[in-house]
Amino acid sequence: MTKGERAERESLIESAMPRIVFAAAFAVVALLTGAPATARHGVAAGVAHGAAPVAVVGALGAALLAGCTGVASTPRAPAIAASIADPPATTEWHAEPILARATTANVLVLNHADPSLRLDAVAAQLQRQYDWLVEWMGFAPRAVVVHVGANYPCGFSLRAGADPEMFLLAGGIFDSADNYAHEMQHCFLSELGDSIPHWFNESLSDMAWLESEIGLWQRRHAPAWIAQLDRIDWRSYELLQLRKRFGPGYFPRVFRVLWRERAACRATFSAATKLDAKNEQIVAALTEAAGEDVLPLLRELGFDPRTRERQRGY
Ligand SMILES: [Zn+2]
Numbered sequence: 122m123t124k125g126e127r128a129e130r131e132s133l134i135e136s137a138m139p140r141i142v143f144a145a146a147f148a149v150v151a152l153l154t155g156a157p158a159t160a161r162h163g164v165a166a167g168v169a170h171g172a173a174p175v176a177v178v179g180a181l182g183a184a185l186l187a188g189c190t191g192v193a194s195t196p197r198a199p200a201i202a203a204s205i206a207d208p209p210a211t212t213e214w215h216a217e218p219i220l221a222r223a224t225t226a227n228v229l230v231l232n233h234a235d236p237s238l239r240l241d242a243v244a245a246q247l248q249r250q251y252d253w254l255v256e257w258m259g260f261a262p263r264a265v266v267v268h269v270g271a272n273y274p275c276g277f278s279l280r281a282g283a284d285p286e287m288f289l290l291a292g293g294i295f296d297s298a299d300n301y302a303h304e305m306q307h308c309f310l311s312e313l314g315d316s317i318p319h320w321f322n323e324s325l326s327d328m329a330w331l332e333s334e335i336g337l338w339q340r341r342h343a344p345a346w347i348a349q350l351d352r353i354d355w356r357s358y359e360l361l362q363l364r365k366r367f368g369p370g371y372f373p374r375v376f377r378v379l380w381r382e383r384a385a386c387r388a389t390f391s392a393a394t395k396l397d398a399k400n401e402q403i404v405a406a407l408t409e410a411a412g413e414d415v416l417p418l419l420r421e422l423g424f425d426p427r428t429r430e431r432q433r434g435y
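Read in order, the letters of the sequence shown correspond to residues 122 to 435 in our numbering.
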């Protein structure tokens with residue numbers, strides 16, 4: 122990282138998170154999550170994605186408006202996660218007893234599943250994911266709350282209070298390839314609004330997972346890995362084409378454009394805004410980061426900004 126990039130990053134982080142009000146009924150950031158097998162094999166398969174969101178939406182429907190106040194400090198500031206309160210009980214899963222807690226600088230892990238788990242080891246891995254996302258995205262929530270449960274239909278995330286939350290299955294909790302990057306990207310992106318089009322939010326999470334496997338966890342060689350995912354029936358095919366064409370620095374540039382425009386994003390990515398306006402905001406950021414108009418390519422792939430809301434195959 123150059124000095125300029127570091128200064129830019131710190132400035133982004135330090136200015137992060139002015140007050141945002143989230144309507145809890147719309148606060149499910151990523152209702153339809155990337156089930157690991159689906160993501161790993163790069164094939165659309167919606168079954169696992171349908172179940173959790175319905176339950177979550179129903180549970181959240183009656184929730185109150187919640188203030189979301191960011192903290193003007195670096196994400197790595199110690200004791201942030203340790204000092205935050207447990208999140209509001211907005212889903213049936215919050216009712217599960219908390220058997221243990223573990224915190225790092227920016228991650229609070231709540232164990233609802235198994236008292237034998239080394240939760241400190243889980244938290245340490247999740248903090249690595251958090252730190253990597255700070256670099257990749259250039260902005261961050263002050264902390265992420267991670268629930269570990271035995272009964273979730275699949276991994277998912279939501280934001281109903283001050284801090285975004287993600288829910289991971291205990292069975293795969295030590296596998297950092299298993300939804301860490303995907304769900305945490307949703308948590309980070311919730312800084313930009315509470316009603317981001319599903320296709321964009323989900324595909325960005327897939328890009329976070331793809332890049333984490335290469336850059337953070339170092340389990341994959343980029344060319345062969347991308348080639349495996351590069352098929353027209355992959356749910357994130359469109360963003361993958363942009364990644365291929367514009368390189369590994371492309372999405373970091375996209376995030377920096379979005380963050381620079383965060384006031385506009387927060388106004389646009391709300392339930393009151395029409396879909397086409399949201400997609401125009403997204404395409405403008407994708408275009409600026411690319412240095413050329415990406416809409417013709419997206420249209421060629423079947424994307425229509427007037428109608429595209431869901432991710433391909435969902
Ligand atoms: Zn997702």
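Each residue gets a CB set at the ideal place from its N, CA and C atoms; glycine is no exception.
Keep in mind the model is a prediction, meaning the values are calculated, not measured.
Contact check, P262 vs E217, beta carbons under 7 Å:
In the sequence shown, the residue the question calls residue 262 occupies position 141. In the sequence shown, the residue the question calls residue 217 occupies position 96. Their beta carbons are not under 7 Å apart, which means P262 does not touch E217 by this criterion.
F424 versus L350: straight-line alpha-carbon distance, rounded
By 1-based counting over the sequence shown, the position of residue 424 is 303. By 1-based counting over the sequence shown, the position of residue 350 is 229. C-alpha separation (whole angstroms): 19 Å.
Does the segment 355-363 touch the segment 414-431, meaning 3 or more C-beta pairs lie closer than 8 Å?
yes
Output the boundary residues of the beta strand (DSSP E) element that contains E286.
For the purposes of this step, residue 286 is identified with residue 165 of the sequence shown, where counting begins at 1. Where E286 is concerned, the enclosing beta strand (DSSP E) stretches over 286-290.
Which residues share a DSSP beta bridge with N400?
As a first step, residue 400 must be located in the sequence shown, where it is residue number 279. Beta-bridge partners of N400 (DSSP): none assigned.
Going by C-alpha to C-alpha distance, which of P369, N322, W253 sits closest to P344?
For this step, residue 344 is matched to residue 223 along the sequence shown. Checked all of P369, N322, W253; the closest Cα to P344 is P369.
Please determine, among A221, R222, L325, E213, the residue with the shortest C-alpha to C-alpha distance to L379.
Looking up residue 379 in the sequence shown gives position 258. Looking from the CA of L379, the closest CA among A221, R222, L325, E213 belongs to L325.
With 16 other CB atoms within 10 Å as the buried threshold, where does D299 fall?
Taking the first residue of the sequence shown as 1, we reach residue 299 at position 178. Buried, since its Cβ has 16 or more Cβ neighbours within 10 Å.
Residue environment, A242, which counts as buried when at least 16 other CB atoms sit within 10 Å
To locate residue 242, count along the sequence shown from 1; it is residue 121. Result: exposed.
I'd like the span of the alpha helix (DSSP H) that includes H303, first residue to last.
By 1-based counting over the sequence shown, the position of residue 303 is 182. Taken as a continuous stretch (DSSP letters only), the alpha helix (DSSP H) holding H303 covers 301-310.
What does the alpha-carbon distance come out to for the pair R222 and R431?
Locating residue 222 in the sequence shown gives position 101, where the first residue counts as 1. Locating residue 431 in the sequence shown gives position 310, where the first residue counts as 1. A direct Cα-Cα distance of roughly 35 Å separates R222 from R431.
Would you kindly check if the distance between the Cβ of I219 and the Cβ of D284 is under 7 Å?
Here residue 284 refers to the residue found at position 163 of the sequence shown. Here residue 219 refers to the residue found at position 98 of the sequence shown. Cβ atoms of D284 and I219: not closer than 7 Å.
By Cβ distance, which residues of its chain are closer than 6 Å to T428, with the 5 residues on each side in sequence left out?
Indexing the sequence shown from 1 puts residue 428 at position 307. So the list is empty, once near-sequence residues are dropped.
Which partner residues of L229 appear in the DSSP bridge assignment?
The sequence position of residue 229 within the sequence shown is 108, counting from 1. DSSP output for L229 lists T224, V266 as bridge partner(s).
Measuring straight from C-alpha to C-alpha, what distance separates N272 and L229?
By 1-based counting over the sequence shown, the position of residue 272 is 151. By 1-based counting over the sequence shown, the position of residue 229 is 108. Spanning the two alpha carbons is a distance of roughly 20 Å.
Taking C-beta to C-beta, are V375 and A406 nearer than 7 Å?
Residue 375 sits at position 254 when you count from the first residue of the sequence shown. Residue 406 sits at position 285 when you count from the first residue of the sequence shown. A contact, by the Cβ cut-off of 7 Å.
Is the beta carbon of S469 less than 7 Å from the beta carbon of H307?
Past the edges of the chain, shown from 122 to 435, lies residue 469, and the structure says nothing about it.
Identity of the residue in V269, H303, D315 nearest F295 by Cα:
As a first step, residue 295 is located in the sequence shown; it is residue number 174 there, counting from the start. It is V269.
Within 10 angstroms of the Cβ of D315, are there 16 or more other Cβ atoms? Answer buried if so, exposed if not.
Walking along the sequence shown from the start, residue 315 turns up at place 194. By the neighbour-count rule (16 or more Cβ atoms within 10 Å), D315 is buried.
If you follow the beta strand (DSSP E) that F277 is in, where does it begin and where does it stop?
Position 156 of the sequence shown holds residue 277. Where F277 is concerned, the enclosing beta strand (DSSP E) stretches over 277-279.
Can E404 and P373 be called in contact, C-beta distance under 7 Å?
Within the sequence shown, residue 404 is the residue found at index 283, counting from 1. Within the sequence shown, residue 373 is the residue found at index 252, counting from 1. According to the sequence displayed, residue 404 carries Val and not Glu. No, the Cβ-Cβ distance between V404 and P373 is not below 7 Å.
At the level of alpha carbons, what is the spacing between L422 and R352?
Residue numbering aside, residue 422 sits at position 301 when the sequence shown is read from its first letter. Residue numbering aside, residue 352 sits at position 231 when the sequence shown is read from its first letter. For L422 and R352, the distance between alpha carbons rounds to 12 Å.
Output the distance between the C-alpha atoms of L238 and L231, rounded to the nearest integer angstrom.
Translated into the one-based positions of the sequence shown, residue 238 becomes position 117. Translated into the one-based positions of the sequence shown, residue 231 becomes position 110. About 11 Å.
Do you know offhand how far V266's Cα is from A410's?
For this step, residue 266 is matched to residue 145 along the sequence shown. For this step, residue 410 is matched to residue 289 along the sequence shown. Each residue's alpha carbon lies about 31 Å from the other.
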